[in-house]
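Undergrad: Sequential numbering from 3 applies to the sequence shown in our numbering. Using N, Cα and C, we set each Cβ at its ideal position, and we do this for glycine too.
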Amino acid sequence: MELNQLPEGYDAEKLGPQKRQTEFDSPESKLVSDAKNLIEIARIQLEQTGVKVDPIVFARRKDNDIEALRSAIAKEQGAEKAVVAEVGQAAKAVVAPTESVEVDPRLKTFKADFDADPTLKSKISWAYIQTRLLANEGHYLALAQAMEQGGQLFGVDAQGRPLISDRGDEPVMKGMNYKNTRDRVLYKHDKNDMTGKLISGEDGKRQSTGYEMFPYTEPYDKSEEIQQYESHTGKHFVQSPDKSEWRSSWLESEENPSLPRDVFFDPNNQGSLVCDDLQYGEVDSRGVRRLLRVEKA
């Protein structure tokens with residue numbers, strides 16, 4: 003490297019108000035300056051990953067103290083390696099090959115779903131799924147089993163959370179418009195109240211059921227979750243049993259949308275499509291397929 007050449011990785015915008023020295027009296031002074039700049043780059047990059055670097059380490063830096071600079075670099079490299087190791091361990095826990103683990107009898111249906119899907123098996127281990135379902139005294143297992151036909155394991159999201167949906171071709175909760183359907187899916191209701199009164203907590207807020215509606219992305223585009231469902235089942239997201247009738251399922255379109263979205267199955271062309279149309283917001287013939295993301299305990 004030439005004496006007054008920019009160091010590799012130097013980014014003036016990232017370094018903010020710091021000014022880079024451009025003229026040096028000796029190779030040693032150039033080395034000191036470059037080391038300081040690279041340490042600052044490393045600090046910024048580490049903090050973007052959530053690692054907070056001890057400011058005292060950086061306060062020890064001096065233009066004429068190469069050993070202090072070297073110590074600061076070593077500390078930062080150690081922190082970075084720790085982050086990489088932690089991420090690596092988390093990844094291994096998710097995608098490790100299926101261990102020899104005894105299957106809980108309550109999970110046999112979900113284990114069958116898992117075994118039948120090579121793509122799912124390449125993304126996540128059965129031991130990981132079982133651990134999450136049984137955590138917190140089986141909290142998510144109970145939610146899964148309360149879904150249509152006991153629920154169906156079909157995928158994993160970008161955060162490594164197992165995905166479970168209502169099982170079966172048909173949507174559930176038919177006969178309600180978008181707003182009422184969404185309320186039923188997301189929030190707990192008083193089963194003894196004929197009007198379907200929402201249950202509120204001590205803070206007055208609505209209580210979550212733990213379920214979601216499948217997400218909407220763009221017109222005519224199916225979300226990653228919908229694509230995984232169709233890939234796993236080999237069927238359309240919704241359809242009539244013999245595929246001879248129209249079917250549809252509401253998608254998450256926020257609380258008060260002007261254009262509620264849904265997926266509909268068209269028996270004429272034997273295909274399903276994501277649609278948004280103002281006139282359909284109050285249609286009561288649609289149902290929904292619920293989604294459960296199994297969070298980490």
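State the DSSP-derived secondary structure class of Arg169, mapped to helix, strand or coil.
TA: coil
Undergrad: Starting from Ser274, follow the alpha helix (DSSP H) in both directions and report where the run begins and ends.
TA: In the DSSP annotation of this structure, Ser274 is not part of any alpha helix (DSSP H); the continuous beta strand (DSSP E) holding it starts and ends at Gly273 to Asp278.
Undergrad: Over what stretch of residues does the alpha helix (DSSP H) that includes Gln132 continue unbroken?
TA: Taken as a continuous stretch (DSSP letters only), the alpha helix (DSSP H) holding Gln132 covers Trp128 to Gln147.
Undergrad: Throw me the rounded Cβ distance for the Tyr189 and Trp252 pair, which I believe falls under 8 angstroms.
TA: Incorrect: roughly 15 angstroms between the Cβ atoms, too far for contact.
Undergrad: Out of Ser225, Gln272, Met175 and Glu297, point me to the one whose CA is closest to Glu247's CA.
TA: Cα-wise, what sits closest to Glu247 is Gln272.
Undergrad: For the alpha helix (DSSP H) containing Phe239, name the first residue and the last one.
TA: Taken as a continuous stretch (DSSP letters only), Phe239 belongs to no alpha helix (DSSP H), as it is neither H nor E.
Undergrad: So, do the segment 166–180 and the segment 287–294 have three or more beta carbon pairs nearer to each other than 8 angstroms?
TA: yes
Undergrad: Quick one: is His238 near chain D, going by C-beta distance under 8 angstroms?
TA: Here chain D cannot be found, since the structure has a single protein chain.
Undergrad: Quick check on the DSSP output: the alpha helix (DSSP H) that includes Leu122 runs from which residue to which?
TA: Pro120 to Lys125
Undergrad: Can you give the Cα-Cα distance for Arg186 and Thr219, rounded to whole angstroms?
TA: 22 angstroms
Undergrad: Contact between the segment 205–220 and the segment 122–140: three or more CB pairs below 8 angstroms?
TA: no
Undergrad: Can you give the Cα-Cα distance for Leu145 and Gln229, rounded to whole angstroms?
TA: 23 angstroms
Undergrad: Who are the near neighbours of Ser274 in its chain, counting only those whose CB is closer than 6 angstroms to its CB and skipping five residues on each side?
TA: Around Ser274, the same chain offers His238, Phe239, Val265 and Phe267 as residues with beta carbons nearer than 6 angstroms, after the five sequence neighbours per side are excluded.
Undergrad: To which residues does DSSP link Trp252 through a beta bridge?
TA: Beta-bridge pairing links Trp252 to Asp264.
Undergrad: So is Val296 buried or exposed if we call it buried at 16+ other beta carbons inside 10 Å?
TA: buried
Undergrad: Here's a check: name, in chain order, each residue in its chain whose Cβ is nearer than 8 angstroms to the Cβ of Phe156, leaving out the five neighbours to either side.
TA: Asp115, Asp119, Leu122, Leu165, Ile166, Ser167, Gln230, Tyr231, His234 and Thr235
Undergrad: Given a cut-off of 8 angstroms on the beta-carbon distance, is the pair Lys113 and Val105 in contact?
TA: Closer than 8 angstroms, so yes.
Undergrad: Could you tell me the boundaries of the alpha helix (DSSP H) in which Arg184 lies?
TA: Under the DSSP assignment, Arg184 falls in the alpha helix (DSSP H) whose first and last residues are Tyr180 to Leu188.
Undergrad: Tell me Ala202's beta-bridge partners as DSSP assigns them.
TA: One point to set straight first is that residue 202 is Ser, not Ala, in the sequence displayed. For Ser202, which the question treats as bridged, DSSP gives the partners Arg208.
Undergrad: Looking at Arg163 and Gly152, is the spacing between their C-beta atoms short of 8 angstroms?
TA: no
Undergrad: With DSSP as the reference, label Asp223 as helix, strand or coil.
TA: strand
Undergrad: Measure the C-alpha to C-alpha separation of Asp278 and Asp192 and round it to an integer number of angstroms.
TA: 31 angstroms
Undergrad: Go through its chain and collect everything with a Cβ distance to Thr111's Cβ below 7 angstroms, but skip five positions before and after it.
TA: The residues are Gly152.
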